[in-house]
Amino acid sequence: MQLIDIGVNLTHPSFAPEREALLARAFDAGVTQLVLTGTSLEDSEQALELCRQLDQGQRLYCTAGLHPHEASQWKSDSARALRGLLKEERVRAVGECGLDFNRDFSPRPLQEKAFEEQLALAVELQRPVFIHERDAAERLLAIVKDFRDRLPAAVVHCFTGERRTLYNYLDLDLHIGITGWICDERRGTHLQELVKEIPEGRLMLESDAPYLLPRTLRPKPKHGRNEPAYLPEVLACVALHRGESEECVAAHTTDCARHFFGLPEM
1 MQLIDIGVNL
11 THPSFAPERE
21 ALLARAFDAG
31 VTQLVLTGTS
41 LEDSEQALEL
51 CRQLDQGQRL
61 YCTAGLHPHE
71 ASQWKSDSAR
81 ALRGLLKEER
91 VRAVGECGLD
101 FNRDFSPRPL
111 QEKAFEEQLA
121 LAVELQRPVF
131 IHERDAAERL
141 LAIVKDFRDR
151 LPAAVVHCFT
161 GERRTLYNYL
171 DLDLHIGITG
181 WICDERRGTH
191 LQELVKEIPE
201 GRLMLESDAP
211 YLLPRTLRPK
221 PKHGRNEPAY
231 LPEVLACVAL
241 HRGESEECVA
251 AHTTDCARHF
261 FGLPEM
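When the sequence shown is numbered by the UniProt record's numbering, its final residue is 266 and no position is left out of the sequence of numbers.
Right, dumping it as structure tokens:
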């Protein structure tokens, strides 16, 4: 089986001492390609540089964008800088961008402005979008609707919402990213019911490492940090609750991710 991890924060400082070993473990676990997440202009540049430094084949790609937590950093020349990054061959999507009305680390009007300008760049350059949303589904849907007909594709990364929100996203022909949240018996049980509602061709898997360590993982790593090598645990949980074999889910989620990001066959 081959898996593609569509969201890994490889720039996170906790990974710095062992990035090569981490990637080796991922490849050994069947995670053949990874998309590194960019969350600011600086972070996106670092993700791109890691792709160049660490990839000996066609395994590492990345996104470039500004996370809603960082929306206050969006300046008059940010679009120009981001446009340059998005023209790089290894950069395959705009993001992580979106709205986060849960923590409100940036004022909501600034979040909306940064999100809209990044969607405009995605339309201009015809790149897919990697979207973050927390407690902001209604407003996010209203913004995305204005751009959707001109966007090639968009994925709601780390989906954790309720049934109505899922259906609204699917009605807009959005893709859905599922993480180890689905393995969490405290807060992810509703996803176990919903995951079967996501059509083939719209579902992708992601670790969101170093966050969201699957709580079903045994043995648990002593450091308590998630990594792409644990993506098969997410696969197993998704397969169980979709009533499909792991081989089937691996095949259609990998095919979906490959087409979404325009990744080469391995």
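Ideal placement from N, C-alpha and C gives every residue a C-beta, glycine not left out.
Model, not experiment: these values are computed from the prediction.
Where residue i sits in the DSSP three-state scheme
| i | result |
| --- | --- |
| Ile178 | strand |
| Tyr230 | helix |
| Gln56 | coil |
| Arg164 | helix |
| Pro214 | coil |
| Thr254 | helix |
| Arg25 | helix |
| Gly262 | coil |
| Phe159 | coil |
| Phe147 | coil |
Which residues DSSP lists as bridging residue i, in chain order
| i | result |
| --- | --- |
| Leu205 | Ile178 |
| Thr63 | Ala93 |
| Asp5 | Leu34 |
| Ala154 | Val129 |
Alpha-carbon spacing of residue i relative to residue j, whole angstroms
| i | j | result |
| --- | --- | --- |
| residue 313 | Glu206 | Missing from the structure shown is residue 313; the chain here goes from 1 to 266 and no further. |
| Ser72 | Arg108 | 10 Å |
| Gly161 | Arg150 | 25 Å |
| Ala81 | Gln2 | 34 Å |
| Gln192 | Glu185 | 10 Å |
| Glu96 | Met266 | 25 Å |
| Val144 | Val238 | 27 Å |
| Arg90 | Asn9 | 16 Å |
| Leu110 | Gln118 | 12 Å |
| Leu41 | Arg83 | 11 Å |
| His157 | Leu23 | 21 Å |
| Glu133 | Ala79 | 21 Å |
| His175 | Phe130 | 9 Å |
| Ile178 | Arg103 | 21 Å |
| Cys183 | Glu246 | 15 Å |
| Glu116 | Gln53 | 32 Å |
| Lys220 | Pro152 | 39 Å |
| Ala59 | Ala120 | According to the sequence displayed, residue 59 carries Arg and not Ala. Roughly 28 Å between the two C-alpha positions. |
Runs of alpha helix (DSSP H) wholly within the stretch 98 to 142 (minimum 4 residues, chain order): For the stretch 98 to 142, whole alpha helix (DSSP H) runs of length 4 or above, ordered along the chain, are 108 to 125.
I want to know whether the stretch 246 to 265 touches the stretch 40 to 56 - three or more CB-CB distances under 8 Å. With the cut-off at 8 Å, the stretch 246 to 265 and the stretch 40 to 56 do not touch.
Examine the Cβ distances between the stretch 197 to 204 and the stretch 213 to 225 and report whether three or more of them are shorter than 8 Å. At 8 Å Cβ cutoff, the stretches do not touch.
On the three-pair Cβ rule with 8 Å, is the stretch 223 to 231 touching the stretch 22 to 34? The stretch 223 to 231 vs the stretch 22 to 34: in contact.
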